[in-house]
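Residue numbers (full-length UniProt numbering), protein chains in the order written: chain W, 1 to 489; chain P, 1 to 489.
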């Protein structure tokens, strides 16, 4: 076997074992008996040790030196393997193990602290997580910027400085739009109680409408919805709050967007370094365009309005216009995951600035609550009422995920670009959406983007799909047009 | 670390990874999307390679030579590790991989052949399976008997000759009992349709009554019920046929018996070589005593009769006596898994004789269908009507599981012994059973047997629990007394 063939065979088994890890994570969050947590942590640790040894196997370094790619896909696979190997071998085993231990503990302590609104209980472990991730970032950065080094895990090629510049261009237009909207009368919200069975029936219908393939996936309940898996086995989850059915429906469509990317990758790439979504930002572009540009459009919400009445009987909302307005209600709430399309990005910008300051050492863990609360009130014109609605709302920092948050807004920006390109090619898009038929746009996304997996770098993936260099313009124009019409601005 | 400590740490991680394999098997049979089979086989193969390397790691041999056990549990752990290491290192890697591949294919071909009643389609792969298992048995046996060598995988310490001698002592009394019963009028069977929801509700109630711990397990639907896992995470499965509710109820109780053993092992043994049931025969003693001696007793079926009426309304059976008779109906059916307590053992004896002849080379795959059909008609006085009701009914041989079948009857024999000992200590056993209260007998089994895991060899496990040397006498006396009363013999 050539060095290249050895590399690919080794990567294939590693990917198969990584799939097993993913399956355990899915099980833990959907099926696992609650008394099995301790045993499961030992199982995960044993499998993680196997994976870590494989990922830092010195033979990979030797093969990478000698490997010659037979084609473009081979070149891309080597690019992914080189990046991963360099990253994994720069982190000492001792540090990797310590990070795994402390972030696992961090998530447990965070969950308890959030339940009790107890920031003080969270700070000691947060300090440890920050210190370890700074140390890891220094090892990976090799003299470069620490925050940039961490961003590469989620969005290869991105930088803190470029992201900050883009956010600076976006913020004034989002703030201006937000203020105009909040000066207008708020639309009537959806009211009522919608039983779980009916919500799940309609969620399955929505998933099918968006092309989710149940022969290679399944839909289950969980606390925080997620999508897990690659290729032939990509499972999605949702949650049900009986008084808030949009929560179930739109989190389902969101996860279907992630799943479509993973289910849509060319089967020839299965278990190779190209056989999965290329970055968090590109992944989020798929979940967001499914959820927002398509799922929350006037045309598609008209169809959802009919489906809801068929499932649940008459609603308090009189017609499809009122229903569309309720689905897209703008509201300065505390919680990121429940935010509308405008406020969502303000949440992200705030977390991005805070976590960059943390990595640079400009603020420390003990300053974070004050910094959060000041910034939130400045951006949202509302004071945080309790830590569970503020600093303690998201799991990310307890798990050491610094550098992850900006990929959410990057995903929105990319979704804006993809939608502009897609809509330009489909003058009759709305006619299909109004019938609940999403075949044309989802086929376009699969052909232009999803099937290529990690063939191209993230930004190049979007550019190849759109046919133009991505920036924040299309997202902002889409938001101004959509909410301008909805709120009569 | 001492050699002993190294061994135990290594075994602990191997056990954790083996648990992961078990969890994948559970997922495959309960949750996996049907289109994921190909990907899953690659995941299983990657994990199996990791496990095989660990199990044949030459360091185990070195540690075993130097290890000194600190206590009795340590001595027992070394006994288990020595047996496993000797077995695993005697089988060449090439043969192990070939067996894994051929038996996986064998099970697929068997399932298709059974659907089509097509013995000819099954014979070529069966021939390969037999040849490979003979080769493996020769490698393990090290000059000894081939069938005995294979039995050790399921029942350490058992031998074909001893088993044959015991079966020869049992057969005449079972045949005599069977003939007397079949000359009596058959009791009225349960009739009607029992919806799935109600069956599952009652199955959960039965599982709870027998002490199944849902905080460390769960109950799901599958095609062929099984129990999977050890310690903190032991999951059971059942199936529902709406016209045959006893199928669901008694397969649930049976799997609860297996689960009770695994959930009941001393937590100090978790992930050690002692942290699981010691053999298939001892395991089956637990599932059988739960299902039969306790679950099909006159006292307990009286409670089940009440529960069924509460769930489903009036039954065609007039009273608890008629219900008990229906639950214990004796019938010379084709299918082992649906057999009553008497015919079940005749099924096993037949398979045992056939597979021993196969291993000795006295018959070959192509003789098997004729041999099966002749023997079945001789033992059951009924001609096999089609291969799905004959040779093709069980998965075992397609998977290479020669030497496994006799452990089912050995489990019945052990259950007979345990019940004799248990009943002698509990004069008021029936009073509890009649209330659906199984606390006393299940606590006795946990204390005397389940909590010890693999501390003692299989036969010694039963002897320590019963206080006498186990043999077939108590089972035969129990069957003669129970069915004598039921059929007025």
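For each residue, glycine too, the CB sits at the ideal point set by N, CA and C.
- Ranked by how close their Cα comes to the Cα of residue 455/W, the residues 109/W, 75/W, 55/W and 164/W have 75/W in first place.
- Neighbourhood of residue 43/P in chain W, by CB distance below 7 Å: 16, 19 and 20, in chain order.
- Residues are counted here when their Cβ sits less than 9 Å from a Cβ of chain P; for the segment 229-259 of chain W these are 229, 230, 231, 232, 233, 234 and 235, given in chain order.
- In this structure residue 331/W is exposed. Its beta-carbon is surrounded by fewer than 16 other beta-carbon atoms within 10 angstroms.
- With fewer than 16 other CB atoms across the displayed protein chains lying within 10 angstroms of its CB, residue 1/P is exposed.
- Comparing alpha-carbon positions, the option among 391/P, 37/P and 334/P lying closest to residue 116/P turns out to be 391/P.
- Comparing C-alpha distances from residue 411/W to each of 471/W, 72/W and 395/W shows the shortest one belongs to 471/W.
- DSSP places residue 361/W in no alpha helix (DSSP H); its state is neither H nor E.
- Each residue's CA atom was taken as its position, placing residue 367/P and residue 315/P some 46 Å apart.
- A distance below 9 Å separates the beta carbons of residue 146/W and residue 137/W.
- The beta carbons of residue 280/W and residue 154/W sit closer together than 9 Å.
- Membership of residue 264/W in the alpha helix (DSSP H) is indicated by the continuous run 245-264.
- Within chain P, no C-beta atom comes less than 7 Å from the C-beta of residue 94/W; the nearest is roughly 18 Å away.
- At a cut-off of 9 Å, the C-beta of residue 195/W has no neighbouring C-beta in chain P.
- Close to residue 31/W, with beta-carbon spacing below 8 Å, are these residues of chain P in chain order: 31 and 218.
- In its chain, beyond the 5 residues on either side, 17 have a beta carbon closer than 8 Å to the beta carbon of residue 50/P.
- 9 Å or more divides the Cβ of residue 473/P from the Cβ of residue 275/P.
- Rounded to the nearest whole angstrom, the CA to CA distance from residue 45/W to residue 216/P is 20 Å.
- In this structure, the beta-carbon distance from residue 5/W to residue 24/W does not fall below 9 Å.
- Setting aside the 5 residues that flank it on each side, residue 302/W is surrounded in the same chain by 320 and 434, each with a C-beta closer than 6 Å to its C-beta; the list follows chain order.
- Contacts with chain W (Cβ-Cβ distance below 8 Å) from the segment 383-402 of chain P involve no residue at all.
- Closer than 9 Å to the CB of residue 451/P there is not a single CB belonging to chain W.
- From the listed residues 426/P, 398/P, 415/P and 432/P, the smallest Cα separation to residue 127/P is found for 398/P.
- Its chain contains 136 and 139 as the residues whose beta carbon lies nearer than 6 Å to that of residue 91/P, once the 5 sequence neighbours on both sides are disregarded; these appear in chain order.
- Secondary structure of residue 331/P (DSSP, three-state): coil.
- Rounded to the nearest whole angstrom, the C-alpha separation of residue 33/P and residue 53/P is 30 Å.
- Spatial neighbours of residue 423/P in its own chain (CB-CB distance under 7 Å, excluding positions within 5 residues in sequence) are listed in chain order as 429.
- A distance below 8 Å between beta-carbons, with the five flanking residues on each side excluded, links residue 322/P to the following residues of its chain, in chain order: 187 and 188.
- Secondary structure of residue 230/P (DSSP, three-state): strand.
- Setting aside the 5 residues that flank it on each side, residue 479/P is surrounded in the same chain by 177, 341 and 342, each with a C-beta closer than 7 Å to its C-beta; the list follows chain order.
- Residue state for residue 127/W is assigned as helix, using DSSP reduced to three classes.
- In this structure residue 238/P is buried. Its beta-carbon is surrounded by 16 or more other beta-carbon atoms within 10 angstroms.
- Under the 9 Å criterion on CB atoms, residue 35/P is classed as interfacial with respect to chain W.
- In this structure, DSSP gives residue 288/W a helical state, which the three-state scheme calls helix.
- Taking the C-beta atoms as reference points, residue 282/W is found nearer than 9 Å to residue 461/W.
- Between residue 444/W and the set 457/W, 14/W and 421/W, the nearest pair of CA atoms involves 421/W.
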